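K.L.:
Residue numbers (the working numbering): 190 to 489.
The beta-carbon is built from N, C-alpha and C at its ideal position, and this holds for glycine as well.
These numbers come from a predicted model, not from an experiment.
Can you keep this structure in mind? I'll have questions shortly.
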């Protein structure tokens, strides 16, 4: 979900306090503090399928909260409420939490549009941070185990001679709405929901600018040359770790030569087709949906 940059209520990450263990523990024990349990990259939700709600735990909900203190990830403070994430490794503990809260652990990727912005931001961040920790248990330099530091925002090698540091990061990717007069170019990948089409996208390669990546990706995927590449807005898409940079561009020609290694299909859509068939579009919380609908509404 994309937030208006003018929004007042945002997550204050308090990055300068992450290394202050006393301050972090006080926030963790605060009666207002809320903890997001994550199990195998899924989060705890309750409610109906059409109206899912995030389940936030308190300090007292955890069986051994002090034992978890060093493994918690401090996410930040939202509306004066401190938020933490914890990775529930045990299937038994996860099952007990689900029963206790009358909820279930679910992937949030396909229900983002059903959640409010706060829950989208907090739950995706919690899922990402626990995912990152699970994949950085060992040092890539010397092979020794790593340990969590700075409230879960750094992992360091336990080998004091090596002392390598690892930081959470996102991979830059470009996503572009290519148009030609009253038509826009959309494609679909194998495995997507039936009938769904979206804007074309790809990762930025080393040494490449985002604008160059846009031109290259469109040429590689559909053999269409473009110009007038213009940046619009961005969105973190932590499934698992992308930063989506949204662009628009104009096509120089409309003949499509499909790269079947990348796409299952690609075609030109008119504004009227999209208006009459909104079900073909990606999740409303995605930057792709915003790019498409901004183009559809332009001039209306």
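Residue 361: which of 219, 430, 201, 228 sits nearest, CA to CA?
P.N.:
Indexing the chain shown from 1 puts residue 361 at position 172. Among 219, 430, 201, 228, the Cα nearest to that of residue 361 is on 430.
K.L.:
Could you say if the stretch 321-331 and the stretch 385-405 meet the contact criterion of at least three C-beta pairs nearer than 8 Å?
P.N.:
no
K.L.:
Could you tell me which residues DSSP pairs with residue 228 in its beta bridges?
P.N.:
On the chain shown, position 39 is the one that residue 228 refers to. Looking at the DSSP output, residue 228 shares a beta bridge with 231.
K.L.:
What residue does the beta strand (DSSP E) around residue 438 start on, and which one ends it?
P.N.:
Locating residue 438 in the chain shown gives position 249, counting from the first residue. It spans 431-440 - the beta strand (DSSP E) in which residue 438 sits, taken as one unbroken run.
K.L.:
Please state whether DSSP places residue 372 in a helix, a strand or coil.
P.N.:
The residue you call residue 372 lines up with position 183 of the chain shown. Reduced to three states, the DSSP call for residue 372 is strand.
K.L.:
So, at 8 Å on beta carbons, what are the nonlocal neighbours of residue 371 in its own chain, with the 5 sequence-adjacent residues on each side left out?
P.N.:
Working through the chain shown from its first residue, we reach residue 371 at position 182. Same-chain partners within the cutoff: 459, 460.
K.L.:
Nearest-angstrom Cα distance between residue 444 and residue 412?
P.N.:
Position 255 of the chain shown, counting from 1, holds the residue named residue 444. Position 223 of the chain shown, counting from 1, holds the residue named residue 412. Rounded to the nearest angstrom, the two C-alpha atoms are 8 Å apart.
K.L.:
According to DSSP, is residue 427 part of a helix, a strand, or is it coil?
P.N.:
Numbered from 1 along the chain shown, position 238 holds the residue referred to as residue 427. Reduced to three states, the DSSP call for residue 427 is coil.
K.L.:
Tell me whether the beta-carbon of residue 200 lies closer than 8 Å to the beta-carbon of residue 248.
P.N.:
Counting from 1 along the chain shown, the entry for residue 200 is found at position 11. Counting from 1 along the chain shown, the entry for residue 248 is found at position 59. Taking 8 Å as the Cβ cut-off, residue 200 and residue 248 do not qualify as a contacting pair.
K.L.:
Would you decide whether residue 187 is buried or exposed? Buried here means 16 or more other CB atoms lie within 10 Å of its CB.
P.N.:
One cannot answer for residue 187 here, as it falls past the ends of the chain, which runs 190 to 489.
K.L.:
Residue 451 and residue 409: beta carbons closer than 8 Å?
P.N.:
What you label residue 451 is simply residue 262 of the chain shown in a count that begins at 1. What you label residue 409 is simply residue 220 of the chain shown in a count that begins at 1. Yes, the Cβ-Cβ distance between residue 451 and residue 409 is below 8 Å.
K.L.:
Return the CA-CA distance between residue 367 and residue 203, expressed in angstroms with no decimal places.
P.N.:
Mapped onto the chain shown, residue 367 falls at position 178. Mapped onto the chain shown, residue 203 falls at position 14. Their Cα atoms are separated by approximately 39 Å.
K.L.:
Using three-state DSSP, classify residue 208 as helix, strand or coil.
P.N.:
Position 19 of the chain shown, counting from 1, holds the residue named residue 208. Coil, per DSSP.
K.L.:
What's the gap between the Cα of residue 276 and the Cα of residue 240?
P.N.:
Locating residue 276 in the chain shown gives position 87, where the first residue counts as 1. Locating residue 240 in the chain shown gives position 51, where the first residue counts as 1. Their backbone Cα atoms lie some 25 Å apart in a straight line.
K.L.:
Using 8 Å for Cβ pairs, my map puts residue 208 next to residue 339. What's the rounded Cβ distance?
P.N.:
To locate residue 208, count along the chain shown from 1; it is residue 19. To locate residue 339, count along the chain shown from 1; it is residue 150. Indeed they touch by this definition, with Cβ atoms about 5 Å apart.
K.L.:
Helix, strand or coil: how does DSSP classify residue 484 here?
P.N.:
For the purposes of this step, residue 484 is identified with residue 295 of the chain shown, where counting begins at 1. Looking at residue 484 - three-state DSSP - the assignment turns out to be helix.
K.L.:
Excluding five sequence neighbours on each side, which residues of the same chain lie with their C-beta closer than 8 Å to the C-beta of residue 484?
P.N.:
The sequence position of residue 484 within the chain shown is 295, counting from 1. Counting only Cβ-Cβ distances below 8 Å, and skipping sequence neighbours, we find 366, 368, 373, 437, 460.
K.L.:
Around the Cβ of residue 392, are there at least 16 other Cβ atoms within 10 angstroms (buried) or fewer (exposed)?
P.N.:
By one-based count along the chain shown, residue 392 stands at place 203. Looking at its Cβ environment, which holds fewer than 16 other Cβ atoms inside 10 Å, residue 392 is exposed.
K.L.:
Is residue 428 near the ligand FAD, judged by its Cβ being under 7 Å from some heavy atom?
P.N.:
As far as ligands go, the structure on display features none, and thus does not contain the ligand FAD.
K.L.:
Please state if the CB of residue 234 and the CB of residue 226 are separated by a distance shorter than 8 Å.
P.N.:
Translated into the one-based positions of the chain shown, residue 226 becomes position 37. Translated into the one-based positions of the chain shown, residue 234 becomes position 45. No, the pair does not count as a contact, with Cβ atoms beyond the cut-off.
K.L.:
Kindly list the residues whose CB is nearer than 7 Å to the CB of residue 336, restricted to its own chain and excluding five residues on each side of it in sequence; keep chain order.
P.N.:
The residue labelled residue 336 in the question sits at position 147 within the chain shown. Same-chain partners within the cutoff: 344, 345, 347.
K.L.:
Can you tell me the Cα-Cα spacing of residue 440 and residue 359, whole angstroms?
P.N.:
Sequence index remark: in the chain shown, residue 440 carries index 251 (1-based). Sequence index remark: in the chain shown, residue 359 carries index 170 (1-based). Cα to Cα, residue 440 sits roughly 29 Å from residue 359.
K.L.:
What do you get for residue 228, buried or exposed, if any count of 16 or more other CB atoms within 10 angstroms of its CB means buried?
P.N.:
Translated into the one-based positions of the chain shown, residue 228 becomes position 39. Residue 228 should be labelled buried.
K.L.:
What would DSSP say about residue 413, mapped onto helix, strand or coil?
P.N.:
Along the chain shown, one-based indexing puts residue 413 at 224. Three-state result, residue 413: coil.
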